[in-house]
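Visitor: I have a structure here, written as structure tokens, and I will follow up with some questions on it.
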Amino acid sequence: MYSTERLTLRAWQASDLPPFAALNKDSDVMRYFPSVLSRAQSDAMAAHIQSKLADNGFGFWAVELTETREFIGFVGLNRPTFDLGHQPFVEIGWRLASPHWGKGYATEAAQKALAIGFEDVELPAIYAFTTESNLPSQAVMKKLGMTPAAPFTFSHPHLAADHPLATHVLYAISKAIWQADHAD
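Numbers given in the numbering used here equal positions in the sequence shown, counted from 1, plus 2.
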């Protein structure tokens, strides 16, 4: 379990599944993904996330508001199932329920995830990617100090080339840059 000023990043619990399913069927939350998820798909995704957390020692942690213990989504680190020529290729990602947008939670939790990735996991760099049209996520990436990485644009290998969300952008931050930005 990890904490920030307002948030707790923790292992998943059975009580997270209903609000996670609600988040995944929200068309606003999922507008930059191919489709909303059914309850069964959402539960399967949560199980997969839990499995990767157990296997890797890091992953997408459940995020809750520390004050109320309300589940608001996930933030964390993940090894994508495809390669863009970077090894190790570990991404940072987030998905929060729409009532919690615009409050700085994604950035706050992602800053903690970067610290874990660089200090605990000792990654040399961390990447982030999203569809080209997802400007809110790109804004978070920039707030984290991430900059465009090669290849900046790529066609997501899990989507058909002509899919409207196929074109993605890639950002990165190196451990050295992150450390320089966080020197005491």
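C-beta atoms are modelled at their ideal positions from N, C-alpha and C, and glycine is treated no differently.
Would you identify the three-state DSSP class for arginine 12, choosing helix, strand or coil?
Guide: Here arginine 12 sits in strand by DSSP.
Visitor: For chain C, check one thing: does any of its Cβ atoms lie closer than 8 angstroms to the Cβ of isoleucine 51?
Guide: Absent here is chain C; the protein component of the structure consists of one chain.
Visitor: With DSSP collapsed to three states, give me the class of arginine 97.
Guide: Three-state result, arginine 97: strand.
Visitor: Provide the residue(s) that pair with threonine 6 in DSSP beta bridges, ordered along the chain.
Guide: DSSP output for threonine 6 lists no bridge partner at all.
Visitor: Roughly how far, in whole angstroms, is the beta-carbon of phenylalanine 73 from the beta-carbon of glutamate 66, given that I think they are within contact range, below 8 angstroms?
Guide: Indeed they touch by this definition, with Cβ atoms about 5 angstroms apart.
Visitor: So, are the CB atoms of histidine 88 and threonine 132 less than 8 angstroms apart?
Guide: Not in contact: histidine 88 and threonine 132 (Cβ atoms no closer than 8 angstroms).
Visitor: State the beta-bridge partners of glycine 75 as determined by DSSP.
Guide: Answer is Val65 and Leu98.
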